[in-house]
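As structure tokens, the structure follows; a few thoughts come after it.
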Amino acid sequence: MASSFIPTIVILLLSIIIQAAAAIMAIRLIRITGRRVAWSLITLALVLMSIRRMVPLYRLMTGDLAYPADPVIELIALVLSVAMLLGISRIAPLFFERKYAEDELRSNALEIQDLYDHAPCGYHSLDKEGVFVRINDTELEWLGYQRDEIVGKKRFSDLLTAQSIQAFQENFPHFKQQGWVKDLEFEMLRKDGTILPVLLSATAITDKDGNYLKSRSTIFDISGRKKNEESEHLLSSIVESSDDAIISKDLNQKILSWNRGAERLFGYSATEAIGQQITMLIPPEREVELADIMASIQRGERIEHFTTERVCKDGKRIFVSLMVSPIVDSSGAIQSASIISRNITEQVQLSEQLQLQHLHQEELVEQRTAELTERSRELQDNQQALMNIVDDLNQKTEELEQANAKLQELDQLKSMFIASMSHELRTPLNSIIGFSSILKDEWLGPVNPEQKDNLATIQRSGKHLLNLINDVIDVSKIEAGRIEIRFEEFDLYDLLTEAIQYVDKDLHDKGLELELELQHHELCTDKRRLLQCVINLLSNAVKFTEQGKVTLSSTVEAAQPDKPASVVITVSDTGIGIAEQDIPRLFKPFVRLESSMNIITPGTGLGLYLTRKLIVEVLDGDIVCTSMIGTGSTFTLKIPEKLYEKSTGSRR
Amino acid sequence: MKKVLVVEDNQDNLRLISYALSRHGYEVISAETGEKGVELAISERPFFIIMDINLPDFDGLEATRRIRKSGANGSIPIIAITSYAMAGDMDQVLAAGCTGYFEKPIDPLTIMDKIHALLGVTDPHSMKNERQP
């Protein structure tokens with residue numbers, strides 16, 4: 001047992017030292033974490049240690065001697081350690097606390113001094129004279145002074161601008177009386193002469209009687225604030241003076257600010273608008289836009305040139321272009337939004353008008369295009385039609401040219417016909433008439449009465465045929481427009497006398513009387529043709545009268561202002577007359593009136609037709625007929641005494 | 653006997669005129685073509701010429717012009733016989749140099765009086781012929 005006694009003591013001592021250390025640590029713990037926790041830990045440690053100490057005891061008691069130990073010593077050790085623990089833990093704190101308290105006091109005092117000296121604001125104290133009795137480092141720094149320059153040396157008012165001195169002098173007595181001032185603004189003067197705008201608050205320290213001892217004053221450097229105020233003022237002026245409506249609202253659509261531009265634009269004054277919901281400006285159908293706008297704002301996005309409609313105080317609708325920006329506060333959160341509204345009603349209207357105009361113009365253009373297309377189609381059709389017409393015309397012109405050529409040919413033929421008829425027909429007739437005349441007149445020897453009679457027949461027939469041919473040729477000449485006038489000056493009397501000679505024999509053979517009323521008058525006209533006509537009338541008169549007389553008379557009509565003098569020749573008979581309904585047909589070609597005379601009096605029916613043609617177209621006169629069946633007929637022809645030559649010398 | 657030149661291509665007409673002429677004591681020389689007519693006019697120097705305008709070769713007007721140009725017989729009276737077909741014929745006839753004209757058909761009974769009146773001569777054999785039985 002003696003050999004194991006020393007190690008056991010050593011171990012014991014070690015364990016005591018460890019426990020002591022543990023106790024000290026525990027005390028430290030108490031200071032840091034608080035007593036309750038520490039006590040719990042200590043208790044736990046004690047318990048653990050006790051348990052550990054009990055193990056060998058138990059082993060000893062049970063006879064397990066693996067670890068050589070004296071149970072009594074173990075027990076004593078156990079009791080000692082417990083006591084030590086308790087003692088240390090109880091006594092030590094007391095010992096330490098005092099030290100700690102002292103330390104604490106000391107560190108507290110230092111801390112408080114530091115808090116005072118290096119506060120973010122200026123601290124000072126003034127005595128009842130307003131002299132600095134205490135001042136902190138911060139304030140000294142701000143003012144640029146050393147402590148020994150200020151404390152006990154300067155008054156607060158010494159460091160103020162003239163204006164601020166006045167304010168201080170007004171306030172200080174009041175402060176000493178009242179015991180406090182709050183948020184007074186002063187302008188302090190730095191050592192270098194620059195101005196430091198400050199906000200001052202103070203409380204007063206009084207003695208037990210209430211007398212003022214000194215102040216506890218805080219000074220805040222508001223130069224930044226002042227600057228902010230200035231720029232804020234500037235900004236707010238900018239906002240106010242802007243023509244655009246600048247509004248701010250919070251996220252619940254409450255209007256926070258309302259500038260003059262907004263007053264002008266929407267009609268609400270600032271006092272009316274601020275605090276109201278922004279939805280009062282939004283027409284119902286546009287409210288859906290708000291959600292999208294707010295979503296963008298929440299995301300921190302800005303909305304630019306957003307065109308929409310708004311309603312003014314008076315109910316008028318306007319078009320606006322909005323710029324909505326989120327307003328980020330100092331913590332970075334979006335609490336409100338600014339809205340700049342620009343009135344674009346005019347532009348919108350203009351653009352709408354332009355659009356309408358554009359549409360209208362487009363419509364017009366479409367219309368016009370349609371019209372033009374239509375027109376062009378029409379034109380094309382017309383053009384086609386015209387071309388067809390032109391083709392037709394060309395064809396017709398060709399046809400006409402051909403016809404014309406043919407007509408000219410015919411004309412040519414006509415002329416040739418007339419020419420050849422004149423010549424070819426007259427030549428054999430010449431022989432018939434000539435030879436029969438010669439023989440009848442006994443040029444080649446005597447002829448008996450019967451021979452004479454036969455020859456007379458030949459001659460008469462020949463002359464008749466010749467008359468027919470002449471009439472036909474005359475008619476064809478007139479129809480062809482190829483009649484020519486031969487102007488002659490002659491005495492009317494001579495012409496009429498010559499005409500009579502042609503019918504004289506027949507007249508007397510028939511036993512008719514001839515009555516004459518002739519006169520002399522100078523005529524200038526186609527003598528041959530006039531003679532032809534008068535002879536025709538006289539021979540008709542003789543032909544159609546069985547008994548009685550034939551009268552030939554002439555008169556002269558004096559010249560009138562509008563027409564020259566004319567000659568009137570009248571041939572009347574006491575013949576069979578002409579029925580009234582036949583008179584119109586009288587001067588038509590190939591008309592032979594029904595009468596018993598027709599078999600005896602041969603005629604072509606051309607006589608009167610030709611006579612009239614000659615009188616009207618060659619002699620420039622006219623002929624009329626009056627008649628009564630059974631009584632007789634009167635033919636009256638009237639021609640101008642002078643026929644005027646046309647420049648060509650012939651008339652067609 | 654005075655000679656008369658008749659330029660006429662139609663035999664019948666020629667005979668008729670010849671009857672009339674010879675009855676009045678004229679000797680008849682005839683030509684059927686213009687060319688022959690011009691020849692005879694120059695060679696025979698007739699008293700007057702009766703010229704038919706419508707001739708087979710060149711017409712009577714041309715013959716007349718040639719006779720007039722011939723110089724020697726420039727003044728022989730030339731009487732034209734025309735068909736009187738067209739206007740302007742008469743002026744042409746006279747312009748060619750004819751003394752006068754008659755239109756067909758010719759009446760043989762009266763033609764000589766008309767010719768003499770035109771020429772301004774008295775009928776040399778009128779009295780003589782009238783006496784013939």
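Just so you know, the sequences run in chain order R and X.
For the first sequence, my numbering gives the first residue as 1, with consecutive numbering after it.
For the second sequence, my numbering gives the first residue as 653, with consecutive numbering after it.
From the three backbone atoms N, C-alpha and C, an ideal C-beta is built for every residue, glycine too.
Exercise for the section: List the DSSP bridge partners of R/N343. Expected result: To locate residue 343 of chain R, count along the first sequence from 1; it is residue 343. R/N343 is bridged to R/V320.
Handout entry: Of the listed residues R/A273, R/F544 and R/L516, nearest to R/G261 (C-alpha basis)
Key = If you number the first sequence from 1, residue 261 of chain R lands on position 261. Answer by Cα proximity: R/A273.
Problem - Short Cβ contact (8 Å threshold) for R/L322 with R/T345 - result: As a first step, residue 322 of chain R is located in the first sequence; it is residue number 322 there, counting from the start. As a first step, residue 345 of chain R is located in the first sequence; it is residue number 345 there, counting from the start. Going by C-beta atoms, R/L322 is not nearer than 8 Å to R/T345.
Exercise for the section: With 8 Å as the threshold, decide whether the Cβ of X/K780 is near any Cβ in chain R. Expected result: The sequence position of residue 780 of chain X within the second sequence is 128, counting from 1. Its pLDDT being 44, under 50, X/K780 is placed unreliably in this model, and the coordinates cannot settle the point.
Practice task
Name the one or two DSSP bridge partners that R/K214 has.
Solution key: Against the first sequence, residue 214 of chain R aligns to sequence position 214. Note: R/K214 is bridge-paired with R/I205 in the DSSP secondary-structure output.
Problem - For X/M653, the nearest candidate out of X/I702, X/L673 and X/A769 (CA to CA) - result: Against the second sequence, residue 653 of chain X aligns to sequence position 1. That would be X/L673, whose Cα lies nearest to the Cα of X/M653.
Exercise for the section: Measure how close the beta-carbons of R/D221 and R/L196 come, nearest whole angstrom, since I'm counting them as under 8 Å. Expected result: Within the first sequence, numbered from 1, the residue matching residue 221 of chain R stands at position 221. Within the first sequence, numbered from 1, the residue matching residue 196 of chain R stands at position 196. Taking the Cβ atoms as the reference, R/D221 lies roughly 6 Å from R/L196, within the contact range of under 8 Å.
Exercise for the section: Using a Cβ cut-off of 8 Å (strictly closer), state whether X/D664 contacts chain R. Expected result: For the purposes of this step, residue 664 of chain X is taken as the residue at position 12 of the second sequence. With respect to chain R, the C-beta atom of X/D664 has a partner C-beta closer than 8 Å.
Problem - Host alpha helix (DSSP H) of R/C121 (start-end) - result: Position 121 of the first sequence, counted from the first residue, corresponds to residue 121 of chain R. Taken as a continuous stretch (DSSP letters only), R/C121 belongs to no alpha helix (DSSP H), as it is neither H nor E.
Practice task
Could you please tell me which residues of the stretch 414–434 of chain R, in chain order, have their CB closer than 7 Å to any CB of chain X?
Solution key: I418, A419, S422, H423, R426, T427, L429, N430, S431, I433 and G434
Problem - Touch test, the stretch 136–149 of chain R against the stretch 224–234 of chain R, Cβ-Cβ under 8 Å, three pairs minimum - result: no
Exercise for the section: Taking all protein chains shown into account, decide if R/Y644 is buried (16 or more other Cβ within 10 angstroms of its Cβ) or exposed. Expected result: Translated into the one-based positions of the first sequence, residue 644 of chain R becomes position 644. By the 10 Å Cβ count, R/Y644 comes out exposed.
Problem - Backbone CA spacing between R/G332 and R/R52 [nearest angstrom] - result: In the first sequence, the residue the question calls residue 332 of chain R occupies position 332. In the first sequence, the residue the question calls residue 52 of chain R occupies position 52. Going by the C-alpha atoms only, they are around 60 Å apart.
Problem - the stretch 758–771 of chain X: positions lying closer than 8 Å to chain R by Cβ - result: I758, D759, P760 and L761
Exercise for the section: Going by CA-CA distance only, name the one from R/T574, R/I16, R/S566 and R/V542 that's closest to R/G548. Expected result: Looking up residue 548 of chain R in the first sequence gives position 548. Closest option to R/G548, Cα to Cα, is R/T574.
Practice task
Pair every Cβ in the stretch 625–644 of chain R with every Cβ in the stretch 654–666 of chain X, then say whether three or more of these pairs are closer than 8 Å.
Solution key: no
Exercise for the section: Pick helix, strand or coil for R/P589, following the three-state DSSP scheme. Expected result: One-based indexing of the first sequence puts residue 589 of chain R at position 589. Here R/P589 carries a coil assignment [DSSP, helix/strand/coil].
Problem - Residue closest to R/D292, alpha-carbon to alpha-carbon, out of R/L281, R/A20, R/L400 and R/F306 - result: Position 292 of the first sequence holds residue 292 of chain R. When each option's Cα is compared against that of R/D292, the closest is R/F306.
Problem - Alpha carbon of R/R190 to alpha carbon of R/D183, nearest angstrom - result: Taking the first sequence and counting its residues from 1, one reaches residue 190 of chain R at position 190. Taking the first sequence and counting its residues from 1, one reaches residue 183 of chain R at position 183. Their backbone Cα atoms lie some 20 Å apart in a straight line.
Handout entry: Collapsed DSSP secondary structure at R/R682 in the structure displayed
Key = The requested residue 682 of chain R is not part of the displayed model; chain R covers only 1 to 652.
Problem - X/L668: contacting residues in chain R (beta-carbon distance under 8 Å) - result: In the second sequence, counting from the first residue as 1, residue 668 of chain X sits at position 16. Going along chain R in sequence order, the residues near X/L668 (Cβ under 8 Å) are N430, S431, G434, F435 and I438.
Handout entry: Proximity of R/Q501 and R/L614 at Cβ, strictly below 8 Å
Key = Counting from 1 along the first sequence, the entry for residue 501 of chain R is found at position 501. Counting from 1 along the first sequence, the entry for residue 614 of chain R is found at position 614. For R/Q501 and R/L614, no; Cβs fall outside 8 Å.
Problem - Whole-angstrom distance between R/I458 and R/G511, CA atom to CA atom - result: To locate residue 511 of chain R, count along the first sequence from 1; it is residue 511. To locate residue 458 of chain R, count along the first sequence from 1; it is residue 458. Each residue's alpha carbon lies about 24 Å from the other.
Handout entry: First through last residue of the alpha helix (DSSP H) which encompasses X/Y787
Key = The shown model of chain X, from 653 to 785, leaves out residue 787 of chain X, and the question about it has no answer.
Problem - Terminal residues of the beta strand (DSSP E) in which X/M764 lies - result: Within the second sequence, numbered from 1, the residue matching residue 764 of chain X stands at position 112. Run containing X/M764: none in the beta strand (DSSP E); it sits in the alpha helix (DSSP H), P760 to L771.
Practice task
Assign R/I16 to one of three DSSP states: helix, strand, or coil.
Solution key: One-based indexing of the first sequence puts residue 16 of chain R at position 16. If DSSP states are grouped into helix, strand and coil, R/I16 belongs with the helices.
Practice task
Enumerate in chain order the residues of its own chain whose CB-to-CB distance from X/I730 is below 6 Å, with the five nearest sequence positions on each side excluded.
Solution key: The residue you call residue 730 of chain X lines up with position 78 of the second sequence. Closer than 6 Å at Cβ, skipping near neighbours: I701, M703, T716, C750 and T751.
Practice task
Within the stretch 381–442 of chain R, note down every full alpha helix (DSSP H) run reaching 4 residues or more, in order along the chain.
Solution key: 426–440
Problem - Sub-8 Å separation of R/L429 and R/L468 beta-carbons - result: Translated into the one-based positions of the first sequence, residue 429 of chain R becomes position 429. Translated into the one-based positions of the first sequence, residue 468 of chain R becomes position 468. Contact flag unset, no.
Practice task
Identify the continuous beta strand (DSSP E) that holds X/K756 and give its terminal residues.
Solution key: Residue numbering aside, residue 756 of chain X sits at position 104 when the second sequence is read from its first letter. It is not in any beta strand (DSSP E) - X/K756 carries neither H nor E in the DSSP assignment.
Problem - Interface partners of R/L466 on chain X, CB under 9 Å - result: One-based indexing of the first sequence puts residue 466 of chain R at position 466. In chain order: P757.
Handout entry: C-beta neighbour in chain X for R/D573, strict 8 Å
Key = For the purposes of this step, residue 573 of chain R is identified with residue 573 of the first sequence, where counting begins at 1. No, R/D573 lies away from the interface with chain X (no Cβ there is under 8 Å from its Cβ).
Exercise for the section: Starting from the beta carbon of R/D441, find every residue of chain X whose beta carbon is closer than 9 Å, and list them in chain order. Expected result: Mapped onto the first sequence, residue 441 of chain R falls at position 441. Under the 9 Å cutoff, chain X gives P760 and L761.
Exercise for the section: Measure the Cβ-Cβ separation of R/A541 and R/V571 and say whether it is below 8 Å. Expected result: Taking the first sequence and counting its residues from 1, the one referred to as residue 541 of chain R is at position 541. Taking the first sequence and counting its residues from 1, the one referred to as residue 571 of chain R is at position 571. Cβ atoms of R/A541 and R/V571: closer than 8 Å.
Practice task
Inspect the beta-carbon positions of R/I629 and R/T611 and report whether they are closer than 8 Å.
Solution key: One-based indexing of the first sequence puts residue 629 of chain R at position 629. One-based indexing of the first sequence puts residue 611 of chain R at position 611. No, these two residues do not count as a Cβ contact at 8 Å.
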